[in-house]
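Chains as they are written, first to last, in the numbering used here: chain F, 742 to 1235; chain S, 31 to 514. Glycine included, C-beta positions come from ideal geometry on N, C-alpha and C. Small disclaimer: the values here were computed from a predicted structure and weren't measured.
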């Protein structure tokens, strides 16, 4: 492990400005780390080392000229769901293999404008559909962590598994992710890092390949809360190109890290103590509660009564939107096209989409098509929309009593590749603690809070009020201090 | 107005019609993207990343199009919904890049309204408007250029359309034609659509069903893409006859979508109800519900121009025009403009008579629209001025008018060249009268002894001798004096 790659983003930023090392040196250290470890982890689909080094040279000039941006010279990884100009953007799907957008997503545009540079595009579940990063056409991502009792390859979580693994394995300083039902928080938890999903509408969705438009939200992975706050500040803000992006001004989230949460009321929802919750997870949650109390916060028992319907609701709404969002991948204008021998249009559609989409994507397109069909719409989609409203209302009611909510991020630690693959429902259960927040559009962070008996990281989730990421970050900062999580993944020899 | 009936073997049939009109909004850019709307560009010249359905692209509503839809709704005296929702209509087709069309399904921007149509007998009929909703157009598939490939032109993809749906209130092909013309006139007045059916900026689908008068509604068929008033009338006539024949032969009408073929004048099955798409409508999560305030609507309302119905009422009341002339003059925006320009400087009734009788007669014969009239408003005004200042008589004016229409010359030019100037010189007319009286002493005596009818003889003689140029009023006056 290089000294440089072990620095936090904030430390690297300050050192770059103090000219202790150059952006090129820092970037080169990461390029080397990617070269060394990516073949094993498969965290990146596309590596853009040359572009990163070139960008670093430009950053060094800017730093020298005193024109450094907020992230000047910081090497980042970008989930391969964000369109990047002239760089292959695949969404983890065969259907987009080789697709090079002639435009840039608003989120990455903001990062480059702030001076950050791109090391590459990270692997993900195909079209962000999955909780294990095992549905990517470009292969599984391997979690850099290893269990004490075995040498099996573990999943990094999903869908942003490549970004989480890359940040945990010190292959980048931070990485973008997207979260639709837990796709940032769950992999952050599995990889022992921080992952923030901001309020729906905080970041622009322009140029981010859509999975479920009413749920998709960009966020950041970082190795600590401060780094997450710094980068999240940069990618937030209104975008006239996305009608659902909020016009609210973005606060400087780093400034929210005051370390003081005295008097804050933190809710603990009883419905999250699900049947069969492992004692490990229950103990971790209790530990979190204890830290908050010690820091002067008040713990309040709350109820979110519609929680038990959240997964079912999510697995109607998200596939419904996906079935429509993915209709554009038809082999006509870009991406894969399989030309049928008989030249028939319907055959072209069928063959192209059959060959281009993986199993999980097909499953969700079929579920989504079904729930929107005539005769089923009211029973499924419409009802799910009503329940979604009730779930959001649960949170609104709770927030009349509390300032934020504490829950575990996932029901378990990272599992072995292939473990949940036979039963899609078992896989969907991974999102049980993250999905309600997504349905309600609320901000939430996952931070590493401890290790399982097997030596694997476990995360806690803090859920905030809409557009109150500041409180979320502030509480996360205090808990991070209390948790003193120093463990690092063994898998890549860091 | 006698009711329209189609005669069948078993008696008279009533035809029930409803129209769905797609009117392209006159706007610089498309409904959800900044790409231009220009007609006649090279294929795929006006296509943005959004229109092409590129990954990650999002629609952003064009506020101007919203305003145009509200204007149109107000023009149709319709209820404006302060909250409406954009839905996705899902289906696969190569000229539909997103795999869905953004439309409005359950909550359209404009609700129920009403339109009056003017029947030729001077009566009016009220036709219900069901709704007006916004949607984007699809692109165009071109199959002609190659037998191996189809080509896609996305210039139209994403252009803003207003779909205006009528109630099944229309009862004859003629009414349907009048409805379409009136609708076109309204959107042209409002400036929200150019109404050009040839360019495809106004397209029409017709729902046709038949029944015995007084029966319940029959099963309807939708006839797609009837792109002129003439074709629409033809299509309805054909379709009604087809349906009647089926029913009278003991058959049943299948609800289906049919296509009108303008070369054969027939309709044929496009898709049956069983093959109908399940469009899986659902609210587009990329767009927030469309909400605006009553103040916004009121502001637009304040900028509405005077619409045909109001204009007609004013022409009758303030200008003294006949209801028929008034409805003819307001039926078309260009005609109204012509009339108002001329009437502003002259007696409106005189202007109306010359436009509705003379000008329209000549234009119809020459198969010309008013925009292409060889007699411009200025020239028409020149002619009326000569009538009003007694330079020429109404009779001479008709001669001048014909020459103007053929030559494009001004009235003054023609009057000058042909020496048609009216004689208003009292002395000259008196001289003519004296000569005629001297040549016809018997007629003068007869008149003076009570044969009043002979007055017309003297007028005729004076006009004849003057070559029609003597001012008729003066002739009248002087003759009366001299013959007394």
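- Query: Would you say residue 912 of chain F reaches chain S, if we count a Cβ-Cβ gap shorter than 8 angstroms as a contact?
  - Reply: By this cut-off, residue 912 of chain F is not an interface position.
- Item | Unbroken alpha helix (DSSP H) run spanning residue 1108 of chain F, endpoints | Here the alpha helix (DSSP H) through residue 1108 of chain F covers 1100-1112.
- Message: Is the beta carbon of residue 1068 of chain F closer than 8 angstroms to that of residue 122 of chain S?
- Response: Yes, these two residues count as a Cβ contact at 8 angstroms.
- Query: How big is the Cα-Cα spacing for residue 1226 of chain F and residue 960 of chain F?
  - Reply: Taking the straight line from one Cα to the other gives about 22 angstroms.
- Message: I want to verify the contact list: residues of chain S whose CB lies under 9 angstroms from the CB of residue 985 of chain F, in sequence order.
- Response: Those are 88, 315, 316, 317 and 318, listed as they occur along chain S.
- 8 angstroms Cβ cutoff met for residue 1273 of chain F and residue 936 of chain F: Because chain F here runs from 742 to 1235, residue 1273 of chain F falls outside it and cannot be looked at.
- Item | residue 992 of chain F: CB within 7 angstroms of a non-hydrogen atom of the ligand ADP | Here there are no bound small molecules, and the ligand ADP is not part of this structure.
- Cα separation between residue 253 of chain S and residue 273 of chain S? Here the alpha carbon of residue 253 of chain S sits roughly 13 angstroms from the alpha carbon of residue 273 of chain S.
- Message: Counting only Cβ pairs nearer than 8 angstroms, list the residues of chain S close to residue 1090 of chain F.
- Response: In chain order, 122 make up the part of chain S whose C-beta sits under 8 angstroms from the C-beta of residue 1090 of chain F.
- Put residue 223 of chain S into one of helix, strand or coil per three-state DSSP. Coil, per DSSP.
- Item | Contact list for residue 947 of chain F against chain S, beta-carbon separation under 8 angstroms | Those are 86, 87 and 88, listed as they occur along chain S.
- Using a threshold of 8 angstroms, state whether the C-beta atoms of residue 73 of chain S and residue 183 of chain S are closer than that. Against a cut-off of 8 angstroms, the Cβ pair of residue 183 of chain S and residue 73 of chain S comes out as a contact.
- Message: Within a Cβ cutoff of 8 angstroms, which residues of the same chain sit near residue 113 of chain S, ignoring the five residues on either side of it in sequence?
- Response: Excluding sequence neighbours, residue 113 of chain S sits near 137, 319, 320 and 321.
- Ignore the nearest five residues each way along the sequence and tell me which others in residue 160 of chain S's own chain have a CB closer than 6 angstroms to its CB. Residues of the same chain with a CB within less than 6 angstroms of the CB of residue 160 of chain S, apart from the 5 flanking positions on each side, are 195 and 197 in chain order.
- Message: Against chain S, which members of the region 1130-1156 of chain F pass a CB distance test of less than 8 angstroms?
- Response: Here the close residues number zero.
- Query: Of the residues S/239, S/308 and S/223, which one's Cα is nearest the Cα of residue 283 of chain S?
  - Reply: Answer by Cα proximity: S/239.
- My guess is that residue 88 of chain S and residue 947 of chain F are in contact by the Cβ rule of under 8 angstroms, so how many angstroms apart are they, rounded? Confirmed, about 6 angstroms.
- Query: Which runs of the beta strand (DSSP E) fall wholly inside the region 251-277 of chain S and span at least 3 residues, in chain order?
  - Reply: With a minimum length of 3 residues, the continuous beta strand (DSSP E) runs that stay inside the region 251-277 of chain S are 251-254.
- Task: List in chain order: all unbroken alpha helix (DSSP H) runs of 4+ residues lying wholly within the region 460-509 of chain S.
- Result: Whole alpha helix (DSSP H) segments, 4+ residues: 471-478 and 485-496.
- In chain order, what residues of the region 807-838 of chain F put their CB closer than 9 angstroms to some CB of chain S? Listed by position along the chain: 822, 823, 824, 830, 832 and 837.
- Thinking C-beta only, is residue 1181 of chain F closer than 8 angstroms to residue 1136 of chain F? Yes, the Cβ-Cβ distance between residue 1136 of chain F and residue 1181 of chain F is below 8 angstroms.
- Message: Using 8 angstroms as the cut-off, can you tell me whether the region 295-303 of chain S makes contact with the region 91-110 of chain S, which would need three or more C-beta pairs spanning the two stretches below that distance?
- Response: The answer is no - the region 91-110 of chain S does not touch the region 295-303 of chain S, with fewer than three Cβ pairs under 8 angstroms.
- Hey, how far is the Cα of residue 789 of chain F from the Cα of residue 866 of chain F? Near 20 angstroms, if we compare the C-alpha coordinates of residue 866 of chain F and residue 789 of chain F.
- Query: If you draw a straight line from the C-alpha of residue 300 of chain S to the C-alpha of residue 50 of chain S, how long is it?
  - Reply: Straight-line spacing of the CA atoms in residue 300 of chain S and residue 50 of chain S works out to 17 angstroms.
- Quick one: residues in its chain with C-beta nearer than 7 angstroms to the C-beta of residue 82 of chain S, no 5 flanking neighbours on either side, listed in chain order? When the five nearest sequence neighbours on each side are left out, the beta carbons in the same chain lying within less than 7 angstroms of the beta carbon of residue 82 of chain S are those of 127 and 184, in order along the chain.
- Query: Checking contacts by CB at 8 angstroms: is residue 79 of chain S closer than that to chain F?
  - Reply: Yes - at least one Cβ of chain F is within 8 angstroms of the one on residue 79 of chain S.
- Item | Cut-off 8 angstroms between Cβ atoms - residues of its own chain near residue 1126 of chain F, not counting five sequence neighbours on either side | Same-chain partners within the cutoff: 1058.
- Query: Does residue 312 of chain S have its Cβ less than 8 angstroms from a Cβ in chain F?
  - Reply: Chain F contact via Cβ: present.
- To which residues of the same chain is residue 40 of chain S closer than 7 angstroms at the C-beta, ignoring the five residues directly before and after it? Closer than 7 angstroms at the Cβ level, and outside the excluded window around residue 40 of chain S, lie 278.
- Sequence-distant residues of its chain with Cβ nearer than 8 angstroms to residue 1297 of chain F (five each side left out): No statement about residue 1297 of chain F is possible, as the shown extent of chain F runs from 742 to 1235 and does not include it.
- Alpha carbon to alpha carbon, what distance is there between residue 1063 of chain F and residue 870 of chain F? Between residue 870 of chain F and residue 1063 of chain F, the C-alpha separation is close to 10 angstroms.
- Considering only residues of the same chain and omitting the five flanking positions on each side of residue 215 of chain S, which have a CB-CB separation below 8 angstroms? Counting only residues of its own chain and dropping the five nearest sequence neighbours on each side, residue 215 of chain S has a CB closer than 8 angstroms to the CB of 225, 338, 360, 361, 362 and 363.
- Message: Looking at residue 686 of chain F: is its Cβ nearer than 8 angstroms to the Cβ of residue 1168 of chain F?
- Response: Only positions 742 to 1235 of chain F appear in this structure, which leaves residue 686 of chain F out of reach.
- Buried or exposed for residue 845 of chain F, please, with buried defined as at least 16 other CB atoms from any protein chain shown within 10 angstroms of its CB. That one is buried.
- Task: Give the straight-line distance between the Cα atoms of residue 757 of chain F and residue 763 of chain F, rounded to the nearest whole angstrom.
- Result: Straight-line Cα distance between these residues: approximately 6 angstroms.
- Using a Cβ cut-off of 8 angstroms, which residues of the region 137-163 of chain S contact any Cβ in chain F, in chain order? For the region 137-163 of chain S, which is checked against every Cβ of chain F, not one residue is closer than 8 angstroms.
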